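K.L.:
Counting from 1, position 21 in the sequence shown corresponds to residue 29 in the working numbering; the numbering is continuous, with no gaps. Ideal Cβ positions, reconstructed from N, Cα and C, are used throughout, including at glycine. Quick caveat: nothing in here was measured; it's all calculated off a predicted structure. My questions will all concern the structure given below.
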Amino acid sequence: MAELASADAHFVRCVKPNAELVPLKLHGEDVVNQLRMSGMLDAVKLIQAGYPTRIPCEARTLTLTLTLTRRATPRASRARPEP
C-alpha cells in the first residue's frame, strides 16, 4: 500500500475492502491481490520507472500515419537495393 501511495498516480479503482463488506474494516492481503490482478501494481511500477502515462495525440497520429503509409507502399519499392 505504501508503494501505491508513493507513486503519485491518480487512478480510480473500486476495490472490496473485506469479504464481509463491513465498513471500517480493511483486509490488506485481499486488497493487494485485487490490485495485483487488475494490473494496478504493474501500472504504478511503470509510472515510477518513468514511462509516460499519456501519449500526446500528435505522437500517436504520426505513428499511425507512418504505419499506414508503409502498408500502402508496394513491397517492391520498400526493398533495399543490393550493394
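(1) Need the endpoints of the alpha helix (DSSP H) that Leu72 sits in, please.
(2) Less than 7 Å between C-beta atoms, sequence neighbours within five positions excluded: which residues of the same chain meet that for Leu7?
(3) Could you tell me the alpha carbon to alpha carbon distance between Arg78 and Cys65, rounded to whole angstroms?
(4) Under a three-way DSSP split, which group does Leu54 fall into?
P.N.:
Checking against the coordinates, here is how it stands:
(1) If you number the sequence shown from 1, residue 72 lands on position 64. Segment 65-80, the alpha helix (DSSP H) holding Leu72.
(2) No answer is possible for residue 7: the residues shown for the chain start at 9 and end at 91.
(3) Taking the sequence shown and counting its residues from 1, the one referred to as residue 78 is at position 70. Taking the sequence shown and counting its residues from 1, the one referred to as residue 65 is at position 57. About 20 Å.
(4) Start at 1 with the first residue of the sequence shown, and residue 54 comes out as number 46. Three-state DSSP puts Leu54 in a helix.
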